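Participant: Take this structure first; my questions come after.
Residue numbers (this note's numbering): 1451 to 1682.
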């Protein structure tokens, strides 16, 4: 079935075929690419000469262990759905990108980062394992101990190694889902670099805004924002 689709930034394409993941078993004569929620920059989730496999329909959270902080879900599940389930149990995603409206599979395939990169690295560091469907129809459970090379290249692999069908991730225990923010002003780029190491060492999250319209003595000024999960 042909379908119109777009990615972040309203980049439009017309797909010759957009199938659901449940329809696909591998062995396609034409190229295929998994399509999550279309939040990738530019046209990374486009496939003009092949098929898109829609991962969102029917996607569900498969298992959640609130004792160990381990969750398994289909690749088409949104990060926002995961957060809605785990936050009441005192957990949060180890890495949260700029929007929670991305799929679990997309977060792995793009190896997204968050505002706590200085502590948690990219999303791939929280991945325990995933099931990968290859173009030949084979399924492999990949982890740091099984199919290790495939595991490593699929994280940030942009879907080119196969379709991530489901994944198991490690969650981060937090005192609450609320984040307490503190803002620091800096008057120059040098001021930013003087402050950032100390801020990163003392806080879970950090992000800076730089006034790119400033000129003269205000050149390079900005605001450095730090955050931590609040205890109440």
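Glycine is no exception: its CB is placed at the ideal position from the N, C-alpha and C atoms. Computed from a predicted structure; not experimentally measured.
Between the Cα of residue 1674 and those of 1588, 1560, 1644, 1506, spot the shortest distance and give me the residue it belongs to.
Facilitator: 1644
Participant: DSSP on residue 1623, reduced to helix/strand/coil?
Facilitator: strand
Participant: How is the alpha helix (DSSP H) around residue 1498 delimited, first residue to last?
Facilitator: Note, residue 1498: premise wrong, no alpha helix (DSSP H); not H, not E.
Participant: Which residue from 1508, 1536, 1610 puts its Cα closest to that of residue 1526?
Facilitator: 1508
Participant: Could you give the C-beta distance for residue 1495 and residue 1482, rounded to a whole number, given that I count them as a contact under 8 Å?
Facilitator: Residue 1495 to residue 1482, Cβ: 12 Å. No contact.
Participant: Does the structure place the stretch 1595 to 1609 close enough to the stretch 1629 to 1647 that three or more beta carbon pairs sit under 8 Å?
Facilitator: Fewer than three Cβ pairs drawn from the stretch 1629 to 1647 and the stretch 1595 to 1609 lie within less than 8 Å of each other, which leaves the two stretches out of contact.
Participant: Note down the Cα distance separating residue 1678 from residue 1531, rounded to an integer number of angstroms.
Facilitator: 22 Å
Participant: Let me make sure I understand the geometry here. Which of 1594, 1610, 1631 has the alpha-carbon closest to that of residue 1584?
Facilitator: 1610
Participant: Note down, in chain order, each residue of its chain lying with its Cβ closer than 6 Å to the Cβ of residue 1660, except the 5 sequence neighbours on either side.
Facilitator: Counting only residues of its own chain and dropping the five nearest sequence neighbours on each side, residue 1660 has a CB closer than 6 Å to the CB of 1672.
Participant: Residue range of the beta strand (DSSP E) that residue 1483 falls in?
Facilitator: 1482 to 1485
Participant: Taking residue 1510 and residue 1524 to be in contact with their CB atoms under 8 Å, please state how far apart those CB atoms are, rounded to whole angstroms.
Facilitator: About 6 Å; that satisfies the 8 Å criterion.
Participant: My parser needs the alpha helix (DSSP H) runs of 4 or more residues fully inside the stretch 1535 to 1564; what are they?
Facilitator: 1554 to 1559
Participant: In this structure, how does DSSP classify residue 1611 when only helix, strand and coil are distinguished?
Facilitator: coil
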